[in-house]
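K.L.:
Sharing a structure, written as structure tokens. Questions coming.
2 protein chains.
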Amino acid sequence: MILVSEVGPRDGLQSISRVMPLAAKKAWIAAEAAAGVREIEVGSFVPPSLLPQMADTAELVEFARTIPGLNVVALVPNVKGAARAVAAGVHGMSIPFSMSETHSLKNVRKSHAEMIDEIGAVAAIARAAGVHFAVGLSTAFGCTMEGAVPQDRVVRLAVAAAEAGAAEFSLSDTTGYADPAQVKRLVRAVRAEVGERLTTLHLHNTRGLGLANALAGLEEGITTLDASLGGLGGCPFAPGASGNLVTEDLVLMLNSMGLETGIDLEKLIDVRAILAEALPGEPLYGFTPDAGPMLDYHERMAK
Amino acid sequence: MILVSEVGPRDGLQSISRVMPLAAKKAWIAAEAAAGVREIEVGSFVPPSLLPQMADTAELVEFARTIPGLNVVALVPNVKGAARAVAAGVHGMSIPFSMSETHSLKNVRKSHAEMIDEIGAVAAIARAAGVHFAVGLSTAFGCTMEGAVPQDRVVRLAVAAAEAGAAEFSLSDTTGYADPAQVKRLVRAVRAEVGERLTTLHLHNTRGLGLANALAGLEEGITTLDASLGGLGGCPFAPGASGNLVTEDLVLMLNSMGLETGIDLEKLIDVRAILAEALPGEPLYGFTPDAGPMLDYHERMAK
Numbered sequence: 001m002i003l004v005s006e007v008g009p010r011d012g013l014q015s016i017s018r019v020m021p022l023a024a025k026k027a028w029i030a031a032e033a034a035a036g037v038r039e040i041e042v043g044s045f046v047p048p049s050l051l052p053q054m055a056d057t058a059e060l061v062e063f064a065r066t067i068p069g070l071n072v073v074a075l076v077p078n079v080k081g082a083a084r085a086v087a088a089g090v091h092g093m094s095i096p097f098s099m100s101e102t103h104s105l106k107n108v109r110k111s112h113a114e115m116i117d118e119i120g121a122v123a124a125i126a127r128a129a130g131v132h133f134a135v136g137l138s139t140a141f142g143c144t145m146e147g148a149v150p151q152d153r154v155v156r157l158a159v160a161a162a163e164a165g166a167a168e169f170s171l172s173d174t175t176g177y178a179d180p181a182q183v184k185r186l187v188r189a190v191r192a193e194v195g196e197r198l199t200t201l202h203l204h205n206t207r208g209l210g211l212a213n214a215l216a217g218l219e220e221g222i223t224t225l226d227a228s229l230g231g232l233g234g235c236p237f238a239p240g241a242s243g244n245l246v247t248e249d250l251v252l253m254l255n256s257m258g259l260e261t262g263i264d265l266e267k268l269i270d271v272r273a274i275l276a277e278a279l280p281g282e283p284l285y286g287f288t289p290d291a292g293p294m295l296d297y298h299e300r301m302a303k
Numbered sequence: 001m002i003l004v005s006e007v008g009p010r011d012g013l014q015s016i017s018r019v020m021p022l023a024a025k026k027a028w029i030a031a032e033a034a035a036g037v038r039e040i041e042v043g044s045f046v047p048p049s050l051l052p053q054m055a056d057t058a059e060l061v062e063f064a065r066t067i068p069g070l071n072v073v074a075l076v077p078n079v080k081g082a083a084r085a086v087a088a089g090v091h092g093m094s095i096p097f098s099m100s101e102t103h104s105l106k107n108v109r110k111s112h113a114e115m116i117d118e119i120g121a122v123a124a125i126a127r128a129a130g131v132h133f134a135v136g137l138s139t140a141f142g143c144t145m146e147g148a149v150p151q152d153r154v155v156r157l158a159v160a161a162a163e164a165g166a167a168e169f170s171l172s173d174t175t176g177y178a179d180p181a182q183v184k185r186l187v188r189a190v191r192a193e194v195g196e197r198l199t200t201l202h203l204h205n206t207r208g209l210g211l212a213n214a215l216a217g218l219e220e221g222i223t224t225l226d227a228s229l230g231g232l233g234g235c236p237f238a239p240g241a242s243g244n245l246v247t248e249d250l251v252l253m254l255n256s257m258g259l260e261t262g263i264d265l266e267k268l269i270d271v272r273a274i275l276a277e278a279l280p281g282e283p284l285y286g287f288t289p290d291a292g293p294m295l296d297y298h299e300r301m302a303k
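Listed in order, the protein sequences are those of chains A and B.
In terms of UniProt numbering, the first sequence has 199 at position 199, counting the first letter as 1, and numbering is strictly consecutive.
In terms of UniProt numbering, the second sequence has 73 at position 73, counting the first letter as 1, and numbering is strictly consecutive.
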């Protein structure tokens, strides 16, 4: 069983300035859950003044928690966000930890040492609240400012974060830099130190390698893959843009390989209508929604 | 070393009704060869009345043969085409053999038994002329008319074609049906019978799984991958369309993985300008041309 974690309401929307109405976000989350999606990152507890799109995250958490069987997660940038997330009632929260110190300083104004302290403090909050806590090792495959990110640095920082209390890790290809050989090397190296606490890959499809990288990760024992419906929030045809893995294409790949996701592809594709209506003019990506599943798709799933 | 075989001038152009001028085709072939592409399928020896786009294939063969180090191949539908290909001076030719008998009857009006006879006759022509001869096992991963194509049928027909004289095979995902698990199973099963004569995957990106399928094939020992510059000839956003693997994205993946292709990605991307000029309005696909290679791309290649 592979967990497909929908991150569209957070990572997809955060780069879209037009604020999606709360009702549409709720409809989106409910429809994906009804299609069988078992985990959704509903938003981010950043200051609303910084990212108005995420101002309703607490309301979304409250709503999403009413959906039976859905694991409701949110991103938290720091201790303040973690406190808000816990108060809102998340099942899980994750903090991004940039493997590029340049990027970390620019993005959250914290050095690696300061981030380890922050992770320790968030871990304590999570433990006290009984909330699941994950660390997203971002820019793990390379940085648009620093270029290559050495593998041993990622391993070292993962170990430090584990010692600070991280219960789970994802490797995040924030920049769309990963190649399949690198995915295999890095997953293996990090798992050698933190073991099966490394569960997740968060991939972007910037250079079209997203699904190939996902496959490489699966072959190394990755069990959770982040994806965004319609590849929302990234425009692969604009410079510097970097859409997430398209949930629809990922689910087609996994289901047709016989790797059970529990997600009904046809129902999932229907959810795009909610995005199309709420975000007119926003491009939706993916190949499967246009091509449709193969004639023998359901036979494949049984294999 | 992985061989990237450019099939755009044949598979890309054959579905485009606007005939590309001969001079532009020559410029395209020359520029790709200059970027390091070592094999190009320059056209198809079908009756010109059937496919005016391919009417200049003999002239293209003659031209391409003047480029040092370039392996010049063409598609031949039957014995007549093979005789024309040999007369034109191809280095290699390949015949498509549809694993779906429904598709074969509809497409070339030949049963499987009749196709085996044709393959035997083409093999004899190739042998006599000292020309390399390959069989493309098309619709090997499924058929839009028949649905699933049983694996044992593909294996049986490959063996029959080998006995009829096929020196080399490709597995062709004509319909964009393949998934990575199926690619591994089928490559393994066919190789168990015909061994390393199965060299090639011809993949389409209809459902976005093209590069993941390529990766799966590489892991099973595939050494040649067909691709089309700009994914020409297939529109993934139109129903029923089925673009080839995009050469630019494939080369980025292979080179960044440290699998040498001999192809200069930047020069390859520049070749798109020739297509854009000669085929105005024709969509060109691919993520890498817009995103550009990663900052550390050249470091990766050295790994």
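Glycine included, C-beta positions come from ideal geometry on N, C-alpha and C.
Every value quoted in this text rests on a predicted model; they were computed, and no experiment measured them.
#1: Rounded to the nearest angstrom, how far is the Cβ of A:SER44 from that of A:LEU75, given a contact under 8 Å?
#2: Taking the alpha carbon of A:LEU284 as the point to measure from, which residue in A:VAL19, A:GLY243, A:ARG84 has its own alpha carbon closest?
#3: Spell out whether any CB of chain B is found under 8 Å from the CB atom of A:SER100.
#4: Helix, strand or coil for B:GLY240 per DSSP?
#5: I want to know whether the segment 174-182 of chain B touches the segment 134-149 of chain B - three or more CB-CB distances under 8 Å.
#6: Tell me whether A:PRO280 is buried or exposed, calling it buried when 16 or more other Cβ atoms sit within 10 Å of its Cβ.
#7: Check the Cβ-Cβ distances between B:ASN205 and every residue of chain A, and say whether any is below 8 Å.
#8: Short of 7 Å Cβ to Cβ, which residues in the segment 172-192 of chain A face chain B?
#9: List the whole-angstrom C-beta distance separating B:GLY8 from B:SER228, where the pair is believed to meet the contact cut-off of C-beta under 8 Å.
#10: Buried or exposed: A:ARG109, going by 16 or more other Cβ atoms within 10 Å of its Cβ?
#11: Please report how far the alpha carbon of B:HIS103 lies from the alpha carbon of B:LEU203, in whole angstroms.
#12: Would you report the Cα separation of B:ILE2 and B:ILE274, rounded to the nearest angstrom?
#13: Which residue's Cα is closest to the Cα of B:GLN151: B:ARG191, B:ALA121, B:ASN107, B:THR261?
#14: Determine whether the Cβ of B:ILE2 lies closer than 8 Å to any Cβ atom of chain A.
#15: Going along chain A, which residues have a C-beta under 8 Å from residue 389 of chain B?
#16: Tell me whether B:SER17 sits in a helix, a strand or coil according to DSSP, three-state version.
#17: With which residues is B:GLY226 paired in a DSSP beta bridge?
#18: Might you give, ordered along the chain, the residues of its own chain that have their beta carbon closer than 8 Å to the beta carbon of A:SER256, omitting 5 neighbours on each side?
#19: Using beta carbons (cut-off 8 Å, strictly below), is A:LEU211 in contact with chain B?
#20: What does A:VAL246 touch in chain B if you count any residue whose Cβ is under 8 Å from its own?
#21: Taking the beta strand (DSSP E) that B:THR133 belongs to, which residues open and close that run?
#22: Here's the rule: buried if 16 or more other CB atoms are within 10 angstroms of the residue's CB, otherwise exposed. What is B:ARG18?
#23: Check each candidate in A:ASP226, A:ASP179, A:PHE133, A:ARG207 and name the one with the smallest Cα separation from B:GLY286.
#24: When Cβ atoms are compared, which residues of the segment 147-175 of chain B fall closer than 7 Å to chain A?
#25: Just checking my contact of B:ALA212 with A:LEU186 at CB under 8 Å: how many whole Å lie between their CB atoms?
#26: If I measure Cβ to Cβ from A:GLY81 and keep anything under 6 Å in the same chain, skipping five residues before and after, which residues do I get?
#27: Can you tell me the Cα-Cα spacing of B:SER49 and B:ASN78, whole angstroms?
#28: Does the beta carbon of A:SER256 sit closer than 8 Å to a beta carbon anywhere in chain B?
#29: For A:VAL154, which residues from the same chain have a beta carbon less than 8 Å from its beta carbon, with the 5 sequence-adjacent residues on both sides left out?
#30: Go ahead and label A:LYS25 buried or exposed: buried means 16 or more other beta carbons lie within 10 angstroms of its beta carbon, across all protein chains shown.
#31: Label B:ILE16 either buried or exposed according to how many other C-beta atoms from any shown protein chain fall within 10 Å of its C-beta, with 16 as the threshold for buried.
#32: Compute the beta-carbon to beta-carbon distance between A:VAL4 and A:THR261, rounded to the nearest angstrom, for a pair I have assumed lies under 8 Å.
#33: Which ranges would you report for the alpha helix (DSSP H) in the segment 29-68 of chain A if only whole runs of at least 4 residues count?
#34: Looking only at its own chain, which residues have a Cβ that is under 7 Å from the Cβ of B:GLU193, when we skip the five neighbours before and after it?
#35: DSSP three-state call for A:GLY92: helix, strand or coil?
P.N.:
In short, the structure shows the following:
#1: 4 Å
#2: A:GLY243
#3: no
#4: Low local confidence applies: a pLDDT of 46 at B:GLY240 is under 50, so the model's placement there is unreliable, and no value is given.
#5: yes
#6: exposed
#7: For B:ASN205, the answer is yes, since a Cβ of chain A falls inside 8 Å of its Cβ.
#8: GLY176, TYR177, ASP179, PRO180, ALA181
#9: 4 Å
#10: Exposed.
#11: 18 Å
#12: 25 Å
#13: Minimum Cα distance to B:GLN151 is reached at B:ARG191.
#14: For B:ILE2, the answer is no, since every Cβ of chain A falls outside 8 Å of its Cβ.
#15: Residue 389 of chain B cannot be examined here, being either before or after the span of chain B that is shown, 1 to 303.
#16: coil
#17: Checking the sequence, you will find Asp at residue 226 of chain B rather than Gly. B:SER5, per the DSSP bridge assignment.
#18: PRO293, MET294, TYR297, ARG300, MET301
#19: yes
#20: Those within 8 Å of A:VAL246 in chain B are GLY208.
#21: Here the sequence assigns Phe to residue 133 of chain B, which means Thr is not the residue at that position. Residue range 132-138 is occupied by the beta strand (DSSP E) that includes B:PHE133.
#22: exposed
#23: Closest by alpha carbon: A:ARG207.
#24: GLY147, ALA148
#25: With a Cβ gap of about 18 Å, B:ALA212 and A:LEU186 do not count as contacting.
#26: In the same chain as A:GLY81, and ignoring 5 residues on each side of it, the C-beta atoms closer than 6 Å to its own belong to PHE45, in chain order.
#27: 16 Å
#28: yes
#29: MET99, LEU137, ALA140, LEU171, LEU186, ALA189, VAL190
#30: buried
#31: exposed
#32: The beta carbons of A:VAL4 and A:THR261 sit about 5 Å from each other, so the pair counts as a contact at 8 Å.
#33: 57-64
#34: Within the same chain, VAL155, ALA158, VAL159 come within 7 Å of B:GLU193 by CB-CB distance, once the 5 residues on both sides are set aside.
#35: Note: A:GLY92 maps to strand in three-state DSSP.
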